[in-house]
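Notes follow the structure.
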Amino acid sequence: MLHGQEQWTFSPDRPGRYHILVASDIYPSDQVLQLLGVALACGYGRAKSRGMGNITVDGCAPYQWPAVDQPNAVILLGPCAPAKDDPTEGFWRVSTKFGRLEGHWATGPGPSGKHNPFKRPVSYLTAGSALRTSSPRPWYGRLLGDVHPDLQEVRHYAIALACPVRIAMEA
173 MLHGQEQWTF SPDRPGRYHI LVASDIYPSD QVLQLLGVAL ACGYGRAKSR
223 GMGNITVDGC APYQWPAVDQ PNAVILLGPC APAKDDPTEG FWRVSTKFGR
273 LEGHWATGPG PSGKHNPFKR PVSYLTAGSA LRTSSPRPWY GRLLGDVHPD
323 LQEVRHYAIA LACPVRIAME A
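Just so we're aligned, residue 173 is where the sequence shown starts under our numbering, counting upward by one.
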């Protein structure tokens with residue numbers, strides 16, 4: 173075999189199931205369900221153009237976080253690039269993503285006449301990082317600009333949902 177690739181698939185009679193958390197003060201759950209259905213209609217992920225990443229949305233229901241008595245931190249549920257006013261004290265790990273453009277952004281030359289599907293590297297806090305804060309918010313991070321050398325309108329979504337927790341943080 174010249175090129176090999178290991179793939180894991182779910183059995184058709186036992187498809188994989190994922191739970192996606194969406195935070196919205198704007199859209200009710202039925203509209204979130206509709207938006208996810210439209211967004212995922214053509215697949216998800218890098219190999220969606222080859223028929224992979226087919227996802228169907230089975231349902232959407234409001235979720236209430238468990239009550240936490242006197243939270244003093246949050247756990248990030250995804251990667252995030254902290255905003256200027258986000259907390260920095262805690263337990264965290266930094267990683268770097270070397271992203272690529274997708275869809276129509278990835279084809280053809282850009283304004284400079286060159287074809288460059290690669291974004292600039294983005295450093296971020298990894299999922300599972302704990303940030304100390306006396307007033308937890310439901311999300312942290314920011315939308316990053318200046319992530320492509322040729323296409324200034326390209327952005328990187330570096331916002332993560334966060335779960336309030338109470339942890340012992342000893343010096």
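Idealized CB from N, CA, C, for every residue including glycine.
Measuring straight from C-alpha to C-alpha, what distance separates residue i and residue j?
{"i": "G215", "j": "R222", "result": "10 Å"}
{"i": "H320", "j": "K291", "result": "5 Å"}
{"i": "A253", "j": "S267", "result": "10 Å"}
{"i": "D230", "j": "S284", "result": "44 Å"}
{"i": "S196", "j": "L205", "result": "12 Å"}
{"i": "P251", "j": "R265", "result": "10 Å"}
How should residue i be labelled, buried or exposed, when 16 other C-beta atoms within 10 angstroms of its C-beta is the threshold for buried?
{"i": "P281", "result": "exposed"}
{"i": "H328", "result": "buried"}
{"i": "Y190", "result": "exposed"}
{"i": "L193", "result": "exposed"}
{"i": "A119", "result": "Limits of the chain in this structure are 173 at one end and 343 at the other, which puts residue 119 out of reach."}
{"i": "L315", "result": "exposed"}
{"i": "Y199", "result": "exposed"}
{"i": "S301", "result": "buried"}
Would you kindly report the start and end of the unbroken alpha helix (DSSP H) that includes residue i?
{"i": "A239", "result": "A239 -> no alpha helix (DSSP H), and no H or E assigned at all."}
{"i": "S295", "result": "Note, S295: premise wrong, no alpha helix (DSSP H); beta strand (DSSP E) at V294 to L297."}
Mapping the DSSP letters down to three states, classify residue i as helix, strand or coil.
{"i": "G223", "result": "coil"}
{"i": "V194", "result": "coil"}
{"i": "W264", "result": "coil"}
{"i": "L273", "result": "coil"}
{"i": "A340", "result": "coil"}
Touching by the beta-carbon criterion (3+ pairs, under 8 Å), the segment 241-259 and the segment 308-319: In short, these stretches touch, since the Cβ pair count reaches three.
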